[in-house]
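Okay, structure first, notes after.
Number of protein chains: 2
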Amino acid sequence: MEIGLVSDLVQEVMELRRDGDVPLHRQIYSALQQAIIQNQLPAGTKLPASRDLARVLGVGRNTVLRGYEQLLTEGYVLGQIGAGTFVADTLPDAQPLGRRRADSAGAAPATAVPISRRGHEIARHADSGDVQHGAFMPGIPDVELFPHDVWRRLIGKYLRRRHAGLLQYSVRGHAPLKASLTHYLHATRCIQAAPDQVLLLNGCHQALDLCARMLTDPGDIVMMEDPGYWGARNVFRAAGLSVHPVSVDAQGMAPSEADWALRPRLIFLTPSSQYPTGVVLSLARRRAILAKAAECGAWIIEDDYDNELRYHRHPLAPLFGLSTSDRVIYLGTFSKAMFPGLRLAYLIVPPCLVEPLSVGSAELYREGRLVEQAALADFIADGHFASHIRRMRMVYAERQAALRTAIEGEIGELVTLSGGQAGIHLVYFFQAAIDDHAIAAAALAEGVIVRPLSLYYQDRAISRSGLVLGYAGVAVDQIAPAAVILTRLIRAAVS
Amino acid sequence: MEIGLVSDLVQEVMELRRDGDVPLHRQIYSALQQAIIQNQLPAGTKLPASRDLARVLGVGRNTVLRGYEQLLTEGYVLGQIGAGTFVADTLPDAQPLGRRRADSAGAAPATAVPISRRGHEIARHADSGDVQHGAFMPGIPDVELFPHDVWRRLIGKYLRRRHAGLLQYSVRGHAPLKASLTHYLHATRCIQAAPDQVLLLNGCHQALDLCARMLTDPGDIVMMEDPGYWGARNVFRAAGLSVHPVSVDAQGMAPSEADWALRPRLIFLTPSSQYPTGVVLSLARRRAILAKAAECGAWIIEDDYDNELRYHRHPLAPLFGLSTSDRVIYLGTFSKAMFPGLRLAYLIVPPCLVEPLSVGSAELYREGRLVEQAALADFIADGHFASHIRRMRMVYAERQAALRTAIEGEIGELVTLSGGQAGIHLVYFFQAAIDDHAIAAAALAEGVIVRPLSLYYQDRAISRSGLVLGYAGVAVDQIAPAAVILTRLIRAAVS
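Chains as they are written, first to last, in this note's numbering: chain S, 59 to 553; chain B, 59 to 553.
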């Protein structure tokens, strides 16, 4: 091949860019490498002398030499520079000569479907939206009112050379945070646990994944409230579990004898405030579930997701304290009381699970983020956490009242409220036959985010239509205008 | 039950603590609740009048009333306060009366083994140590020399009210970081990718978990280099994969026809610097693996874990750029170039996988941590990343030289070096029959951490004995003293 052909080729497959972003010798290397890979320069082709190519391309000879040297290093070309440089025979040696094709590395994959069955299942049930805040996105706190200055000071305190050890991998979490947290949970939730019973995780999904993988086998049954948290359902499915939905009544999750006969390996529930309906699990039901779980040898994950935000009376004591059977795992999160992007959740586990779950967490995820954990320990111990919650409770109570007025005052006869004692969202059941997905789509078109209640159901036979409305992240004066849009759409749907 | 009995009971099951930590009314509530749960106060028991109990306990009457009110709220007691308060009948209603036992909720679990088979498998292969730094822990960079002040300033820049949106959940990662990263990888690694091909994840383990779950099904085969990264092996096993070890020779991973006949669904490898031996995958081998993977319809994960730290010449171009088949996923991490606790890794995925893997990541993990991502984008774009790497490359080269002198000068005839062209560890194969686990244990007893090479092998038949020594986190003057201990132990083992 003549030098002209090679330099044409080089100029064809690339434009030498002289903006200094990628060095010229790398560009020459890349262009020739691609040409060799794509068989435009077959094995045995003699490359032009570096001096000649340099002249044709208008670059220095050393630039070409550096490009050639890299090709030589990587085995794309052979020979001594100066004596002649030839394209090497690098096509796969496992293939018989007759089958060599220029695009052998680009053969069509054996299947047109790029992902696995498991992957398809995960993607098929995907419920996460691309919009994660705005009126009335559920589960989102007000991040504007977070005490940024305090948090920045605490993070800054630990991002210093004298705390460099906090930049290493974590081994079982930051002890002061585990101590702050048990102290706090003891005072507010009557939870008696030693700091080593605390496992710190990157969010609830990871915490649920850890429990699923360490405590269950593929094909095992996990019992969940229906309606329930779709995110947990997806995490369990991804771990190979069969999710068995159990209906919810006025006393909370209501498993029947037939449900128990399936012998679940895991039970996931939200006793303090059923998600999303806000129903409180009655004491009798709590004790029945604990007894039955012990009979089955099932683990219980108690998700106390909005433990801090309760507007009336003290929050109910958690199942964790009720159980004398060491089968309850308590799950809490800082996503709502602090901010979602923090990605810090925790498990309080019975003593028998400390060792296996700690080992599992280290193996499955490798742990770090000790700077954030140290800052959070101070944030709790210095009282900033409690005072932020006190403040937000008042703010959110006002916003909830505004939302209730705007909805119930307008279309009170069309909806029934569920929840509102705690947390940062309200559920409205529709009294009339209204397609909640259609309402959600129509609202989104007008800039209002609502989640259809039916999305939270697994069992279509019991699914009810309604809306889940988050109010915490919406300023009071923005609530009424967004609610006006919503009530108009709902009225239109029934008329 | 007489008031005396109840108050005795209360005093027995608790000591009222007056240090202000837990309010007195919560302590009264807790003690009575526990007594009711444990059937020390059976259903129908009349609680003493609040005034009487207050006198006996030496507390205010309102304190007792608040405790009673909570019990009433939660259903442990019935009745109007004043008219008489009785313990409610809250034992599980599903059990026939005759079977009621005080400890019904505490029945022995159906199995004595608390965790699942999958959990046992994960725990059984656990290789993470409790000590994560010190001479000569592999994989640990020097965190003292990290530019703490720069990083603190960048994090602080984004922890402000005007950037409050960064505290929300993330939707597909922080765009400026994805742009910085593709720009950087293009200039340094010849990787041509659009920013939307970048997925940001909480560390390599999560990145591998995502690929395993979205791209493979339980029972599928993943092919891995042997020796190889045990952490990846554990993540794949936990996802239900069958890990097939492939031996490594001087050209890198060397899969035979028999290996390919197993039709792996996934191939995990470290072409630029085989982990832990440092061998570079030859070009012919690269192309053969790409071609065979395409034939099998297998995905390739290319782990370029120490891409930045290369002491001689440019790093080799990654497989990702070589492939025209869209079957290569590139994995990088900031654990070594920045610090391990950051927990940020990334995947560069072919266009066909952007959508499914992004959806999978959102469902499986929920994403956040945009503040760190924004700070990292600036850190790269402002040149801090490149200059930190330049500096550390010199520091680490000096440390590597010190370690080689200390080991090879003393026991050069007993060991053979592998690696050293890149990265932050060296591998020494033992020439004599030495038990590397025994050396590691003996060294640990003297405060020196070394990883036995045989730990990295899956297939005992090909396993070789040796040591993996990390030098990056050890100051030069600490290297010789630690090496003296090590060489003495090795000498002793052969004599």
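C-beta: ideal position from N, C-alpha, C; glycine also. Given the structure is predicted, the values throughout are model-derived calculations rather than measurements.
CA-to-CA distance, residue 84 of chain S to residue 388 of chain B, given in whole angstroms: 20 Å
Under 7 Å (Cβ pairs) to chain S, residues found in the region 201-219 of chain B: 201, 202, 204, 206, 209, 210, 213, 214, 217, 218, 219
C-beta atoms of residue 235 of chain B and residue 434 of chain B nearer than 8 Å: yes
Among S:262, S:436, S:552, S:469, nearest to residue 233 of chain S - alpha-carbon criterion: S:436
From S:529, S:418, S:495, S:379, residue whose alpha carbon lies closest to that of residue 451 of chain S: S:529
Touching by the beta-carbon criterion (3+ pairs, under 8 Å), the region 319-328 of chain S and the region 292-306 of chain S: yes
Within-8 Å CB hit, residue 397 of chain S to chain B: yes
Proximity winner among S:86, S:105, S:272, relative to residue 420 of chain S (alpha-carbon distances): S:272
Residues of the region 273-306 of chain B with Cβ closer than 8 Å to any Cβ of chain D, in chain order: Although the question refers to chain D, the structure presented lacks it and instead comprises the protein chains S and B.
DSSP beta-bridge partners of residue 302 of chain S: S:281
Under 8 Å by beta carbon: chain B residues contacting residue 133 of chain S: 340, 341, 342
Euclidean distance between Cα positions of residue 127 of chain B and residue 513 of chain S: 37 Å
Chain-order list of residues whose beta-carbon lies under 6 Å from that of residue 386 of chain S (same chain, five-residue window excluded): 358, 360, 377, 378
Within chain S, the residues that residue 244 of chain B reaches when beta carbons sit closer than 7 Å: 80
Inter-residue spacing [alpha-carbon to alpha-carbon] between residue 396 of chain B and residue 399 of chain S: Straight-line measurement puts the Cα of residue 399 of chain S at about 21 Å from the Cα of residue 396 of chain B.
Chain B contact for residue 481 of chain S (CB, 8 Å cutoff): no
Residue ranges of each beta strand (DSSP E) within the region 228-281 of chain B, 3 or longer: Listed in chain order, the complete beta strand (DSSP E) runs (minimum 3 residues) inside the region 228-281 of chain B are 256-259.
Members of the region 414-426 of chain S that neighbour chain B once the beta carbon cut-off is set at 7 Å: Cβ contacts with chain B: 414, 417, 418, 420, 421, 422, 423, 424, 426.
Three-state secondary structure assigned by DSSP to residue 389 of chain S: strand
Contact set between residue 429 of chain S and chain B, taken where Cβ atoms lie within less than 8 Å: Proximity of chain B to residue 429 of chain S at the Cβ level (cut-off 8 Å) is accounted for by 399, in chain order.
Residue-level contact to chain S via CB, residue 387 of chain B, 8 Å cutoff: no
Where residue 394 of chain B sits in the DSSP three-state scheme: coil
C-beta neighbour in chain S for residue 232 of chain B, strict 8 Å: For residue 232 of chain B, no CB of chain S lies under 8 Å from its own CB, so it is not counted at the interface with that chain.
Neighbour-count burial assignment, residue 159 of chain S, 16 or more Cβ in a 10 Å radius: Unreliable placement is indicated for residue 159 of chain S, whose pLDDT of 34 sits below 50; the coordinate value is still reported in the next sentence. Exposed, by the Cβ-count rule.
For residue 324 of chain B, the first and last residue of its enclosing beta strand (DSSP E): 324-327
For residue 548 of chain S, the three-state DSSP class (helix, strand or coil): helix
Same chain, Cβ closer than 7 Å to residue 216 of chain S, neighbours up to 5 away in sequence not counted: 224, 429, 432, 433
Own chain residues within Cβ distance below 7 Å of residue 293 of chain B, not counting five before or after: Contacts found: 263, 266, 267, 270.
CB contact check: residue 539 of chain B to chain S, cutoff 8 Å: no
Inside the region 487-539 of chain S only - beta strand (DSSP E) runs reaching at least 3 residues: 524-528
CB of residue 183 of chain S within 8 Å of CB of residue 295 of chain S, strictly: Less than 8 Å separates the beta-carbon of residue 183 of chain S from that of residue 295 of chain S.
Inter-residue Cα distance where the pair is residue 541 of chain B and residue 464 of chain B: As the crow flies, the alpha-carbon of residue 541 of chain B is around 6 Å from that of residue 464 of chain B.
Closest by C-alpha distance to residue 407 of chain S, when choosing among S:147, S:74, S:185, S:258: Nearest to residue 407 of chain S by alpha-carbon distance, out of S:147, S:74, S:185, S:258, is S:258.
The region 444-463 of chain S / the region 496-516 of chain S touching (three or more Cβ pairs under 8 Å): no
Test item: CB-CB of residue 476 of chain B and residue 336 of chain B under 8 Å: A Cβ-Cβ contact shorter than 8 Å links residue 476 of chain B with residue 336 of chain B.
Anticipated Cβ contact below 8 Å, residue 206 of chain S with residue 219 of chain B, distance rounded: 5 Å
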